[in-house]
Every structure is written in structure tokens, then in C-alpha cells.
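Just below is one structure, and these are the notes that go with it.
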Amino acid sequence: MVMIQIAFGGIHVLYKLAKNDGMSMKIMIAYRMIFATASMVPLALILERKSRPRLTGRIFFLGFILGMFGGSLTHNLYVESLVLTSATFVAAMTNLTPALTFILAIILRMERLAIRTDAGKAKVLGTILSIGGAMIFTFYKGIGINVWTTNINLLHHHAMTTSKQTSAKEALGALLGVGSGVSIAIWMIIQAKLSKVYPPYSATALMSVCASIQSVAYAMCTEEWAAWKLGWNIRLLTVVYTGVIGSGLMLALMAWVARMRGALFISSFYPLLLIIVAIVGSLMLDELLHLGSILGAVFIIFGLYSVLWGKGKETTEATQLNPLKSSKDSELRDVTVQG
1 MVMIQIAFGG IHVLYKLAKN DGMSMKIMIA YRMIFATASM VPLALILERK SRPRLTGRIF
61 FLGFILGMFG GSLTHNLYVE SLVLTSATFV AAMTNLTPAL TFILAIILRM ERLAIRTDAG
121 KAKVLGTILS IGGAMIFTFY KGIGINVWTT NINLLHHHAM TTSKQTSAKE ALGALLGVGS
181 GVSIAIWMII QAKLSKVYPP YSATALMSVC ASIQSVAYAM CTEEWAAWKL GWNIRLLTVV
241 YTGVIGSGLM LALMAWVARM RGALFISSFY PLLLIIVAIV GSLMLDELLH LGSILGAVFI
301 IFGLYSVLWG KGKETTEATQ LNPLKSSKDS ELRDVTVQG
């Protein structure tokens with residue numbers, strides 16, 4: 001899991017470098033989904049050729065919706081937020097996903113609040129801490145903290161922006177980042193339903209195919225043909241790495257880890273991505289950490305672990321009460337597509 005988080009951290013850096021090179025974010029996501037499809041479809045055909053049921057209209061519809069909320073919409077919101085804010089901020093927003101999923105599950109009546117139980121209190125407290133941390137991260141900067149000093153800046157900014165313009169961009173970026181988190185939360189809820197009737201690699205391949213179609217259509221409507229050209233440069237490296245590694249091999253590896261150790265084990269490593277990106281951003285991308293960023297990140301991390309503890313305790317209690325039914329009653333899986 002440590003290597004997975006390091007790999008996802010590389011995605012944030014490559015996104016920034018590709019954008020700095022002038023690559024369209026919409027085209028980048030379209031290529032990412034295409035390369036993800038190219039890597040996942042053969043994997044699904046080989047590993048699940050005997051266990052995969054017939055593709056029905058309902059399964060295809062769920063796959064199409066998953067492709068939007070787990071692929072095209074989520075990633076387009078994600079990269080636009082990354083461009084307008086910082087790699088550290090977007091990594092912090094990733095840790096909001098379990099809390100946002102919990103809120104949506106309550107609204108859709110897929111999960112009980114159970115405020116009188118320890119598990120319910122932990123999830124509510126964690127949700128409040130996570131949202132509060134996100135607000136601190138967004139609206140409060142505080143003093144700058146330059147922990148690491150290097151002469152490396154891979155972005156080489158050429159344009160200067162006013163403080164007012166920067167604040168407006170960061171506010172919009174924060175809104176897009178939260179929108180990406182909500183989209184992932186919706187994906188989780190729908191994915192839990194599809195996983196009951198379709199094997200994981202085939203479901204991911206179907207989602208990638210649908211996301212590719214959606215992303216390409218969106219990019220073709222907004223970008224010129226000349227912008228689609230790739231060379232032997234950072235653009236090609238970014239789309240291949242994010243597609244094959246980020247949306248292909250890493251997701252397959254996460255699915256294997258989830259089967260071996262459980263979804264909560266995966267979620268517990270989310271904060272590691274934030275730490276990795278904060279260090280790399282400070283060392284190589286000239287991103288200055290602020291007191292508000294650190295305080296917000298601490299709140300978000302504590303909120304994440306509070307939600308995960310409550311979810312884990314709830315699952316343990318359900319298993320002890322009815323071990324045969326608990327696996328069937330689980331509606332949500334705390335896994336997420338990062339980067």
C-alpha cells in the first residue's frame with residue numbers, strides 16, 4: 001500500500017508538469033481513460049473469462065453511470081482543481097471521501113445515523129472534523145512555513161497574478177475539489193451495487209470503456225484537433241503513467257489488497273498520499289505550506305480515521321451479531337480512485 005500511495009503521488013506531479021507544458025486537461029483525461037481501458041480490458045478478459053456473467057442492459061447502465069462519476073466527471077473536476085490550487089490541497093480533499101460517502105448514504109437511507117452508538121458518534125464526529133478541516137484548508141492560510149529549501153522548481157512559473165485573482169482561483173479550485181469528492185462518493189455507492197452482480201476487473205474495464213467514450217466526446221467538443229498530438233515528452237509520459245499505472249495496475253492491485261485485508265485497510269493509507277504530495281510539492285513544485293494547510297490537513301486526517309474507526313466497529317459488531325447476514329448488508333465499500 002505504501003508503494004501504491006507513492007505511485008498516486010507521482011500522478012499529482014505529472015499532472016502539474018503536463019499542464020505547465022501547455023497540455024489541455026480535458027485531453028489529458030481522455031487519453032488517461034483510453035490507456036486505462038487498454039490495460040484493464042485484456043486483464044478482465046483473461047482473469048474473469050469464466051466467472052463473468054452476461055452483460056445485461058442494467059449492468060451496462062450501471063457501468064455507464066460509474067464511468068461518469070468514477071471516471072470522466074471525477075477526473076475532470078479533479079485536475080481542474082489541481083490546476084487552480086495545489087497538489088497538496090487536492091490530496092487533502094481525497095481524504096474527505098469517506099465522510100462525504102457517509103453523508104450521502106444517510107441522505108439516501110442506505111445507512112443509519114445511529115448517533116447513540118459509539119460507532120455512530122465516531123462517524124458523525126469524523127464527518128464534522130473532515131468538513132471543518134477542509135474549510136480551514138480553503139479559507140485560512142496563516143503564516144508560510146518553508147520546511148524544505150531547494151533550488152528545484154519544475155514548473156518555472158512565467159506569469160504573475162494578483163492576490164485577488166489568486167484568491168478567486170483558489171476558491172473555485174476548492175469548489176471543484178469538493179465536487180470531485182462528491183462524485184467519488186456517488187461512485188462508491190453505485191459501485192457497491194454493481195460489485196454484487198459483476199466481477200471487479202470486468203466492472204472496472206466496463207467503467208473505463210464508458211469513461212473513455214464520455215471523456216473523448218467532451219474533449220472533442222471543446223478542444224481543437226491539433227491539441228491531441230502527443231510526442232516523446234512529458235505529455236506522453238503523463239497519459240501513459242496515469243492511465244496504465246494509475247487507473248489500471250494500481251486499481252487492480254488495490255482490488256487484490258481489498259480482498260486480502262479489507263477495504264478499511266486501504267482507506268487507512270489515504271493520509272500517506274497527503275504527506276508524500278506535501279513533501280514533493282514543497283521540494284520540487286515550489287509549493288509553500290501554510291499554517292492553515294497543516295491545521296486543515298490534521299483535522300481532515302483525524303476525521304478520516306474517526307469515520308473509519310466507526311465503520312470498522314460497526315462492521316465488527318454486525319459480524320458478531322449475525323456473521324451470515326453482515327456481508328450481504330454491507331452497502332458501502334470505503335475504497336476510492338485517487339489522482
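Using UniProt numbering, the final residue of the sequence shown is 339, and nothing's skipped along the way.
Beta carbons: idealized from backbone N, C-alpha and C, even for Gly.
In this text the structure is predicted, and so the values were computed from the model without any measurement.
- H12 is positioned such that its CB atom lies closer than 8 Å to that of L82.
- In the DSSP assignment, the residues bridged to I145 are L289.
- Note on W232: under 16 other CB atoms within 10 angstroms of its CB, so exposed under the neighbour-count rule.
- Contact between L113 and I106 holds: CB atoms are separated by about 6 Å, below the 8 Å threshold.
- For the pair Y270 and N95, the CB atoms are nearer than the 8 Å cut-off.
- For T242, there is no enclosing alpha helix (DSSP H), as DSSP marks it with neither H nor E.
- Close CB contacts of H290 within its chain, under the 6 Å cut and outside five residues either way in sequence, are with K141, G142, G144 (chain order).
- Rounded to whole angstroms, K311 and K121 show a C-alpha spacing of 11 Å.
- Assigned with DSSP and collapsed to three states, E223 falls in coil, not helix or strand.
- In this chain, the alpha helix (DSSP H) harbouring A278 covers 270-284.
- Between M207 and T101, the C-beta gap is not smaller than 8 Å, which leaves the two residues out of contact.
- Spanning the alpha carbons of A297 and Y305 requires a straight line of approximately 12 Å.
- Here K193 is near L62, since their CB atoms are less than 8 Å apart.
- Judged by DSSP secondary structure, F64 falls within the alpha helix (DSSP H) whose first and last residues are 57-67.
- Around the beta carbon of K19, 16 or more other beta carbons lie within 10 angstroms, which makes this residue buried.
- When C-beta atoms of the region 37-54 are compared with those of the region 217-227, fewer than three pairs fall below 8 Å, so the two segments do not count as touching.
- A distance of 8 Å or more separates the beta carbons of G70 and Q214.
- Judged by pairs of C-beta atoms under 8 Å, the region 195-202 touches the region 34-52, as three or more such pairs exist.
- Nearest to E317 by alpha-carbon distance, out of A119, M33, S130, Q5, is A119.
- With respect to the C-alpha of Y15, the residue from V280, A87, A36 having the closest C-alpha is A87.
- Your pair L17 and E80 does not check out as a contact, with CB atoms roughly 16 Å apart and the cut at 8 Å.
- Annotation for M23: R235 place their beta carbon closer than 6 Å to its own, counting only its chain and skipping 5 residues before and after.
- A distance below 8 Å separates the beta carbons of F137 and A92.
- DSSP, read as helix, strand or coil, puts A122 in helix.
- Between the C-alpha atoms of I245 and V216 there is a straight-line separation of about 20 Å.
- In this structure, G67 and I276 do not form a Cβ contact; the two beta carbons are roughly 28 Å apart against a cut-off of 8 Å.
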